[in-house]
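Chemist: Just dropping this structure here.
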Amino acid sequence: MPATFSRLIYRPPQPADVQRLFAIFGDPQTNLFNPAGPMVTLGDAQRLLDRWLGQWAAQGYGWWAIARNEAPEHIIGFGGIAPLHYLAEQRINLGYRFAVEAWGQGYATELGRDALALAFETLGVPEVFGLVRPDHAASIRVLEKIGMQPFGVLDDVPGKSPSRVFRICHPTTAFA
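The sequence shown: position 57 = 166 (the working numbering), numbered continuously.
Okay, here's the thing in structure tokens:
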């Protein structure tokens with residue numbers, strides 16, 4: 110887990126998180142840039158949570174449930190790194206979604222830095238990617254702040270502009 114000086118607490122998701130996951134992922138505001146829109150049913154949230162729990166069981170890491178230090182029982186978001194298949198191969202992808210109440214406080218940037226520390230310092234992965242809709246300026250700024258660079262585009266939403274793909278390499282492999 111990330112350093113203790115973080116303002117945030119990270120833990121693996123738990124089965125009891127399904128209601129909070131649905132509240133965050135089902136909120137239309139948190140899905141403004143999600144072409145699929147908000148989650149519609151609690152069953153959708155359960156399927157996503159089951160996928161995350163499987164990832165943790167198989168790999169020992171995945172998206173975290175995120176809370177503030179001062180309110181450790183109140184989940185404000187979910188995020189971290191996990192394998193995702195795109196650009197014709199499996200990649201380690203950084204992602205996150207925070208409740209509206211947590212926006213504008215630098216939590217996404219903090220999460221991104223902590224997730225990259227896990228990826229590079231603990232897991233030793235060579236590179237991490239981020240996938241973002243081209244009009245999601247706030248998320249693009251977060252990726253740039255944590256050192257990610259434009260890598261390419263992914264035509265993943267029919268009839269819409271391609272998503273932007275960002276990448277950051279492990280410091281020891283950046284010039285390999």
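Every residue gets a Cβ at the ideal spot worked out from N, C-alpha and C, and that includes glycine.
1) On the three-state DSSP scale, how would you describe Asn143?
2) Taking contact to mean 3 or more Cβ pairs, one atom from each stretch, closer than 8 Å, check whether the segment 114 to 131 and the segment 139 to 154 are in contact.
3) With distances taken between CB atoms, is the gap from Val241 to Ile190 smaller than 8 Å?
4) Tell me the DSSP bridge mates of Val237?
5) Which of the three DSSP states is assigned to Leu203 in this structure?
6) Gly215: buried (16+ other C-beta within 10 angstroms of its C-beta) or exposed?
7) Measuring straight from C-alpha to C-alpha, what distance separates Ala125 and Gln155?
8) From the DSSP output, read off the bridge partner residues of Leu193.
9) According to DSSP, is Val149 helix, strand or coil?
10) CB Val234 to CB Ile201, shorter than 8 Å?
11) With Leu117 and Ala176 assumed to form a contact (beta carbons below 8 Å), what rounded beta-carbon distance in angstroms separates them?
12) Please identify the residue among Ser270, Arg222, Val274 whose C-alpha is closest to the C-alpha of Val262.
13) Would you call Thr113 buried or exposed, if buried means 16 or more other Cβ atoms sit within 10 Å of its Cβ?
14) Please report the distance separating the alpha-carbon of Ser272 from that of Pro181.
15) Once you ignore the five residues that flank Ala217 on each side, which residues in its own chain have a CB closer than 6 Å to its CB?
16) Under the DSSP definition of a beta bridge, which residues are partnered with Gly261?
17) Whole angstroms are fine: how far does the CA of Ala174 sit from the CA of Arg276?
18) Can you tell me where the alpha helix (DSSP H) with Ala208 in it begins and where it stops?
Modeler: Short version:
1) coil
2) yes
3) no
4) Ile277
5) strand
6) exposed
7) 10 Å
8) Arg200
9) coil
10) yes
11) 7 Å
12) Val274
13) Low confidence applies to Thr113: its pLDDT is 49, below 50, so where it sits in the model is not reliable enough to give any reading.
14) 34 Å
15) Tyr205, Val251
16) Val274
17) 23 Å
18) Note, Ala208: premise wrong, no alpha helix (DSSP H); not H, not E.
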